[in-house]
Amino acid sequence: FMDFAGSGIVHLVGGIGALCGAIIVGPRKGRFDPETEAEFDGHSVPFCVLGTFFLWFGWYGFNPGSTGAMHDRATANTAGLVAVNTTLSPCVAGLLVFFL
Numbered sequence: 190f191m192d193f194a195g196s197g198i199v200h201l202v203g204g205i206g207a208l209c210g211a212i213i214v215g216p217r218k219g220r221f222d223p224e225t226e227a228e229f230d231g232h233s234v235p236f237c238v239l240g241t242f243f244l245w246f247g248w249y250g251f252n253p254g255s256t257g258a259m260h261d262r263a264t265a266n267t268a269g270l271v272a273v274n275t276t277l278s279p280c281v282a283g284l285l286v287f288f289l
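So the numbering used here is basically just the index in the sequence shown, starting at one, shifted up by 189.
Below you can see the structure in the form of structure tokens.
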């Protein structure tokens, strides 16, 4: 296991922070009340897709740039491999969701 650019601790802290926030804030008032359940709209699918593309675009700068340098062939190959993984991972995840 190689924790590339500290991603393990970043995601651990973010997940714990999100869990604590969800526990403290709790569900929205009336969200699970059968009388007011119809008042809550679903998410905007176009905005979800647009946000995903914004994140994906940002990952191309962050992920390969986290290699630190591209001064020789080995580090350039590592950055290229990271960019390929940045492309293939969301593609596979999208296909998996599509087929489920």
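Heads up, the beta-carbon is just placed ideally off N, CA and C, and yes, glycines get one too.
{"Asked": "Minimum C-alpha distance to residue 272 - residue among 288, 260, 246, 286", "Found": "246"}
{"Asked": "Under 9 Å between C-beta atoms of residue 252 and residue 274", "Found": "yes"}
{"Asked": "Beta carbon of residue 229 nearer than 9 Å to that of residue 219", "Found": "yes"}
{"Asked": "Selected residue, minimal CA-CA separation from residue 242, among 276, 197, 285", "Found": "276"}
{"Asked": "Simplified DSSP assignment, three categories, for residue 251", "Found": "helix"}
{"Asked": "CB contact flag (residue 255, residue 194, <9 Å)", "Found": "yes"}
{"Asked": "Backbone CA spacing between residue 208 and residue 234 [nearest angstrom]", "Found": "24 Å"}
{"Asked": "Residue 264, enclosing alpha helix (DSSP H) - first and last residue", "Found": "262–288"}
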